Amino acid sequence: QFSRVPIYGEQPDDVTGFVLKDDLLLAKAEGHFEMPLSQLRREIVTVSETAPLSKLFDHLIDQRAHICHVVDEYGGTAGLVTLEDLVETLLGLEIIDEADRADDMQALARKRWKERAKKLGLAIDEEG
523 QFSRVPIYGE QPDDVTGFVL KDDLLLAKAE GHFEMPLSQL RREIVTVSET
573 APLSKLFDHL IDQRAHICHV VDEYGGTAGL VTLEDLVETL LGLEIIDEAD
623 RADDMQALAR KRWKERAKKL GLAIDEEG
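Below, the structure is given as structure tokens:
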């Protein structure tokens, strides 16, 4: 489901990088079943959970990163944020890509439009 998977050391708070799902699949397809994850590991950007979204967005763009490790004030893992998450939050829209499953895209679009309209306090026709 996810295209980027975090790698951590002894503890989950010790995020050391990430691997791309496609790299894992390629290694398996090429018969590298015993390859350590460290050979596929990529660097991960680490940011404070207090960083403003606009600064975080700029930082990810500058670093050409698609994922970052968010830490709390004690250095523990607060979570992971992707560039897609940021764009969706800043725009207030859900990005639908090939990894998202939706059988009826028109129905999904109507549903999301109604959700946004409701949040904005707009009157909507319940039938359409």
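The numbering used here applies: residue 523 is where the sequence shown begins, and numbers increase by one.
Just so you know, even glycine gets a beta-carbon here, dropped at the ideal spot from N, CA and C.
Keep in mind it's a predicted model, so treat the numbers as computed, not measured.
Restricting to runs no shorter than 3 residues, where is the beta strand (DSSP E) found entirely within the stretch 563–640? Runs found: 567–570, 589–593 and 599–604.
Relative to the alpha-carbon of E598, which residue among R634, R563, T568 and K577 has its alpha-carbon at the smallest distance? Looking at the sequence provided, one finds Gly at residue 598 rather than Glu. Taking only the C-alpha atoms, the option nearest G598 is T568.
Consult DSSP for L644 and reduce its assignment to one of helix, strand or coil. DSSP, reduced to helix, strand and coil, places L644 outside both helices and strands of the structure shown, so it counts as coil.
L548: first and last residue of the uninterrupted alpha helix (DSSP H) it sits in: Secondary structure note for L548: its alpha helix (DSSP H) is the uninterrupted segment K543 to A551.
Beta carbon of I529, beta carbon of L559: below 8 Å? Yes, the pair counts as a contact, with Cβ atoms nearer than the cut-off.
When the distance is taken between beta carbons, is V603 closer than 8 Å to L578? With a cutoff of 8 Å on beta-carbon distance, L578 and V603 are scored as near each other.
Comparing alpha-carbon positions, which option in L608, D584, S570 and P574 lies nearest H591? It is S570.
Report the residue from V593, E606, E595 and R632 whose alpha carbon sits nearest the alpha carbon of R586. In this structure, E606 is the residue among V593, E606, E595 and R632 with its C-alpha nearest to the C-alpha of R586.
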